[in-house]
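Participant: In the working numbering, the protein residues as written are 7 to 464.
We treat Cβ as the ideally placed atom computed from N, Cα and C, and that holds for glycine.
Take a look at this one; I'll ask things after.
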């Protein structure tokens, strides 16, 4: 017998005696990994690249179709809720001093907020065609109510101003607040119709009848002595002209006439002259003519960075008049500090940005004029109120929108916020993006994606 000198495959086990040899497949050697090239050191997150990425993310977030929609909804909701909290805190002492329940003013404001929510939802669902149809009747009703205020026995005088109509019991109506909404809708419809006929390039059609009707409203309001509302209505008029693209000369002329009338109106009243003299005052004066302005500054100074605590205000104990209405921002600063006041300012800034964005992105002329006018109304009123509390402007007696106590001011403002919500929902791409966020659409989209996947994919 000869020995088998055939070599076994490399890597194969030796076969057992009596059994055929089994070969095992030879594994190919693994390729060696290429040496990695040295990477450049990463820039720290706080460096220029990190700031650039943060800027790009913020820009993408601001450019999303639903940004204005959520800013209007979230900003107005937070302002209203925080306002209810501050009304409850600031009005308890005032209510007890008048022999009322501590929560009296809060309950009235809560009722007004509930009614205002219904108006907001109704405005958000109202078609533009119906809003334009309501413009003229609302303007006529506002003029009628402003005239009724001057009728003896109908109009009521509070703090020297005849601006209210009694509705029976503790409820009163201030028609000048509803005139803002009437001017917004009527002016927007008027300018939109003239733009469709290409008449706004002529100064006569741009000013008439918008300016005369606005001056008529201002005159009726001035008869009652309400200087603050006249300032806000003037700002709304100027905002409309600016959105309509009025020439600089025309814009400056209207502004000059209204400023001259305002100066004349102030000089004819000793009370208004004393308010003008209290700008930046640090002493109440010999006759306490600057008492309210000075104690508003005291309240802000007492708050410091983070405030004395909710309900811990000192100035609301009879030192500061109207702590829950015109000077509620001062009580907010005293109880919540600089952090609280800056939060309120940030919310109003977000609301203003959203309104400007809606007015700039829409293609409907009525929506553009209405959104611009509503934004001007709310921002101008906030500036006048906060400026008076800070001692930068004379005390005009206007409430802080959505924040101060007062149902007559809250109801038309919430209706106007509903208009902004409706307009923001009609931004390009907003309705489609909002529809995709509904639960039913999400579930259908997810099922569709699962069906399209290959069978082996997870």
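1) Would you call residue 323 buried or exposed, if buried means 16 or more other Cβ atoms sit within 10 Å of its Cβ?
2) Quick check on DSSP: helix, strand or coil for residue 170?
3) Taking the straight line between their C-alpha atoms, what separation do you get for residue 215 and residue 200?
4) Measure the C-alpha to C-alpha separation of residue 190 and residue 166 and round it to an integer number of angstroms.
5) Spell out a yes or no on whether the segment 92-106 and the segment 308-320 are touching, meaning 3 or more CB-CB pairs, one atom from each, closer than 8 Å.
6) Between which residues of its own chain and residue 130 is the CB-CB distance below 6 Å, once the five residues before and five after are set aside?
7) Note down, in chain order, each residue of its chain lying with its Cβ closer than 6 Å to the Cβ of residue 367, except the 5 sequence neighbours on either side.
8) Specify, as a first and last residue, the run of the beta strand (DSSP E) that residue 295 falls within.
9) Less than 8 Å separating the beta-carbons of residue 242 and residue 186?
10) Out of 283, 172, 276, point me to the one whose CA is closest to residue 158's CA.
11) Quick one, which of 406, 415, 65, 183 has its alpha-carbon nearest residue 85's?
12) Skipping 5 residues on each side, what residues in its chain have a beta carbon closer than 7 Å to that of residue 196?
13) So residue 381 is in the alpha helix (DSSP H); what residue range does that whole segment cover?
14) Smallest Cα separation from residue 277: which of 442, 401, 140?
15) Residue 178 to residue 164, Cα distance in whole Å?
16) Mind checking who residue 179 pairs with in its DSSP beta bridge?
17) In three-state DSSP terms, what is residue 103?
18) Tell me where the alpha helix (DSSP H) around residue 115 begins and ends.
19) Contact criterion: CB-CB distance below 8 Å. Does residue 389 meet it with respect to chain C?
20) Our contact map puts residue 305 next to residue 340 with C-beta atoms below 8 Å; I'd like the distance itself, whole angstroms only.
21) Around the Cβ of residue 391, are there at least 16 other Cβ atoms within 10 angstroms (buried) or fewer (exposed)?
22) Who are the near neighbours of residue 342 in its chain, counting only those whose CB is closer than 6 Å to its CB and skipping five residues on each side?
23) Can you list, in chain order, the residues of its chain whose CB lies under 6 Å from that of residue 25, leaving out five sequence neighbours each side?
24) Measuring straight from C-alpha to C-alpha, what distance separates residue 132 and residue 182?
25) From the DSSP output, in three-state form, read off residue 236 for me.
26) What separation, rounded to the nearest whole angstrom, lies between the Cα atoms of residue 369 and residue 376?
27) May I ask you to list the residues that DSSP assigns as paired with residue 164?
28) What is the residue span of the alpha helix (DSSP H) that residue 155 lies within?
29) Beta carbon of residue 73, beta carbon of residue 64: below 8 Å?
30) Please identify the residue among 239, 219, 279, 335 whose C-alpha is closest to the C-alpha of residue 396.
31) How far does the alpha helix (DSSP H) with residue 418 in it reach, from first residue to last?
32) Work out the CA separation of residue 110 and residue 103 for me, nearest whole Å.
33) Quick one: residues in its chain with C-beta nearer than 7 Å to the C-beta of residue 372, no 5 flanking neighbours on either side, listed in chain order?
34) Just to check my reading of the structure: residue 212 and residue 267 have Cβ atoms closer than 8 Å, yes? What is that Cβ distance to the nearest angstrom?
35) Indicate the three-state DSSP secondary structure (helix, strand or coil) for residue 319 in the structure shown.
36) Locate the alpha helix (DSSP H) running through residue 339, then write down its first and last residues.
Facilitator: Checking against the coordinates, here is how it stands:
1) exposed
2) strand
3) 11 Å
4) 28 Å
5) yes
6) 424, 427, 428
7) 433
8) Careful: residue 295 lies outside any beta strand (DSSP E) and carries neither H nor E.
9) yes
10) 172
11) 406
12) 216
13) 371-395
14) 401
15) 11 Å
16) 171
17) helix
18) 110-131
19) Going by chain labels, chain C is absent from the structure shown, which holds only one protein chain.
20) 4 Å
21) buried
22) 313
23) Interpretation of residue 25 is limited by its pLDDT of 49, a score under 50 that renders its predicted location unreliable; the figure taken from the coordinates is listed afterwards. Here the set comprises nothing.
24) 24 Å
25) helix
26) 12 Å
27) 167
28) 134-155
29) no
30) 335
31) 413-431
32) 12 Å
33) 134, 138, 194, 195, 198
34) Not really, about 20 Å apart at Cβ, beyond 8 Å.
35) coil
36) 334-367
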